[in-house]
Structures are given as structure tokens and as C-alpha cells.
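Peer 1:
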Amino acid sequence: MSDNTTSPRLTDISHIRDLLERHGFHFSKKLGQNFLVNPSVCPRMAEACGANADSGVLEIGPGIGVLTRELAARAGKVVAIELDDRLPPVLAETLAEQDNVEIVSGDCLKIDLARLIAEKFGDRSVAVCANLPYYITSPIIMRLLESRLPVTNITVMVQKEAAQRLCAKPGTREAGAVTLAVQYYAEAETLFSVSRGSFLPAPNVDSAVIRLTVRQTPPCKARDEALMFRIIRAGFGQRRKTLLNSLGTLGYSKDVLTAAMAAPGVPPTARAEQLTLEQFAALANAL
Ligand code: SAM
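Heads up, the sequence shown is in this note's numbering, so the first residue is 36 and it goes up one at a time.
1. Quick check on residue 168: buried or exposed, where buried means 16 or more other Cβ atoms within 10 Å of its Cβ?
2. Go to residue 265, then tell me how far its alpha helix (DSSP H) extends in each direction, as first and last residue.
3. Per DSSP, which residues does residue 94 bridge with? Please list them.
4. Taking just the CA atoms, how far does residue 189 sit from residue 56?
5. Can we count residue 119 as close to ligand 1, meaning its CB is less than 7 Å from some heavy atom?
6. Answer yes or no: the CB of residue 66 versus the heavy atoms of ligand 1, is any distance below 7 Å?
7. Give a single yes or no on whether residue 116 has its beta carbon closer than 7 Å to a heavy atom of ligand 1.
8. Is any heavy atom in ligand 1 found nearer than 7 Å to the beta carbon of residue 143?
9. Less than 8 Å separating the beta-carbons of residue 109 and residue 81?
10. In whole angstroms, give me the CA-to-CA distance for residue 203 and residue 307.
11. Just verifying my parser: in three-state terms, what is the DSSP assignment at residue 221?
12. Is it buried or exposed, residue 149, if we count other Cβ atoms within 10 angstroms and call 16 or more buried?
13. Taking C-alpha atoms, which residue in 322, 198, 66, 77 lies nearest to residue 292?
14. Helix or strand or just coil, what does DSSP make of residue 36?
15. According to DSSP, what are the bridge partners of residue 246?
16. Which residues bound the alpha helix (DSSP H) around residue 339?
17. I need the boundaries of the alpha helix (DSSP H) containing residue 154, first residue and last residue.
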């Protein structure tokens, strides 16, 4: 099903160089522009997000459209948000045969995504699929999750280290505040690794594709989610300290903290990385 088009392949490096030269385009490091040139990766990503004729896909940062084409070959509709104004003319050429793709110019961190999804996709079920610009991986993922967008899953390419952190098991060294935040909203899994040589230009790190399957209901009950996340951030902000010390920065006395920690059975010597999400929720509820 992949690349069912008569246009040249968008993973062919000499074709890409020719295309970009004709459009006077130079890669911007600042915008995280590393385009995928490994032909096996985009079809796998498009399959993994579950795109089908009835569904919609929201892509972030289509670049020259290599993943967009694969998504368009499977989904009913694809909407792709691109910040770099030099790329829509390139995309008009590379996606000329795809009539189910719409490019939206703008910054994915500023656009009202809930409104965009409602306007563009109506009743379709929607997945997010993207090779993310690495300089804003976590802000994008947290924005997508925290705004509780009506999306089924977020299937994205991220730096390998980010994948390890986002999909870490609680209680391990890789786990951080973002791990627990992701867990609250989604089930996270690493699908496959992608070497740095799969990109043009090649970045100095390897990558991985992860899938966050969005939960319909959170796995635990925090009466005040914002407080729970403040506690998680404060705890991991000084992860070598005991929670009794690190949570002092939130203004709680040691007595209050000790009493609150006793409720979910957290010992006074515990550090943030030793707590489960359920225990953080219980601690927030007790405070
Ligand atoms: N999808 C293409 C591919 O896989 O070859 C390009 C991926 S490249 C890693 C990231 C893309 O995101 C670039 O096209 C870049 O211009 C775009 N981008 C960077 N920051 C953005 C933002 N804030 N909002 C939307 N797009 C952005």
C-alpha cells in the first residue's frame, strides 16, 4: 500500500536534494529538520497509528511529506501542521496526487488543536502521527495529552533518550516527572528503534518510534490533578533528596508531609523515583 503514487520516492536522496534545491530550501537546525530517508520507517509508523479509510490523522511537521504520503494512502483524511513557511510550496508539489491532505501553516504549540480537530475531522476517530521536531518533543507530547484531545493514539518518532524516559517503568533510573505524567494520560510503549543514518541530515543521536495509547479514564484518582503534578515535579526536580526534603519547596512542613505520606504507606525516607503514580495521587489527596 505504501507510496502508491507515480511521483518519485521521497526517500531518494538525489531526488530530495534536487527538489530542495529547486525550491531554494536549506535545512534549519533550529526547527529540528531531519527528514526521514529510510524507506521502511514511514510505512511502519503509518500502520502503527492504525490509520484506515474511516479515520483521520493529525501530523505535526510534515517536512517534504514523506510520512504524509504514507498516512494519506491509508487514512480518510490527513491534516498536517507545518511551521516553516518555505515548505508548503514544496508540499504542494510532493503531495499533488493526494487529495485527502490539508496543510495548515502554524506552530503546533500555539494552534488551538481541539478546535482544529473538531473543524477538520468532525466525527472521524483521529490519531496523531509524526516525526517530531526534537527541540520540543516533551512540550508537544504534554500539550497533546494535557489538553485531552479526542485522539486515540500518539505515534511519534522521538530521540532514543526521550523514548526511554517517556516509556520508562516507574521506579527505574530512566523514569522522571514526564514518565508519570504520560502514564496518567496514556499507555506508553516503544515500538522500534531507528538509527541516525535514517535521516537527512543525520542527527547525532539515534531515535525510536513510540506509541501512546490514550486512556479513556485515568489509572488513579487525583482530586486535584494540578497539585499531584506539582508534587511530582517538585519530587523529581531534586530526585536525590527524600520527598520530605524536596516537597518542602512547596511550602509544606515536615509534620504535614510525614502525616500525608503515611496515608499511602510511603516511608519518610522515600525518594520520588520510588513512588508509583497511585501513591502520588494518594499523597496529593492527603495533602
Ligand atoms: N515529517 C518529516 C519527515 O519525517 O521527514 C519532517 C520531520 S522533521 C524531524 C520536523 C518537522 O517539524 C520539520 O518539517 C519542521 O519544519 C517542523 N516543525 C518544527 N517546529 C514546528 C512547530 N512548532 N510546529 C509545527 N511544525 C514544526
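All C-beta atoms, glycine included, are put in the ideal place defined by N, C-alpha and C.
In this text, all values refer to a predicted model and were calculated from it rather than measured experimentally.
Peer 2: Put simply:
1. buried
2. 260 to 272
3. 115
4. 33 Å
5. Result yes, Cβ under 7 Å from ligand 1.
6. Yes, Cβ of residue 66 sits closer than 7 Å to a heavy atom of ligand 1.
7. Yes, Cβ of residue 116 sits closer than 7 Å to a heavy atom of ligand 1.
8. For ligand 1, a non-hydrogen atom lies closer than 7 Å to the CB of residue 143.
9. yes
10. 14 Å
11. Strand.
12. exposed
13. Nearest option by C-alpha distance: 322.
14. Note that residue 36 has pLDDT 46, beneath the 50 cutoff, so the model's placement of it is unreliable and the number below is only indicative. Here residue 36 sits in coil by DSSP.
15. 190, 224
16. With the chain running from 36 to 322 in the structure shown, residue 339 is simply not present.
17. 148 to 156
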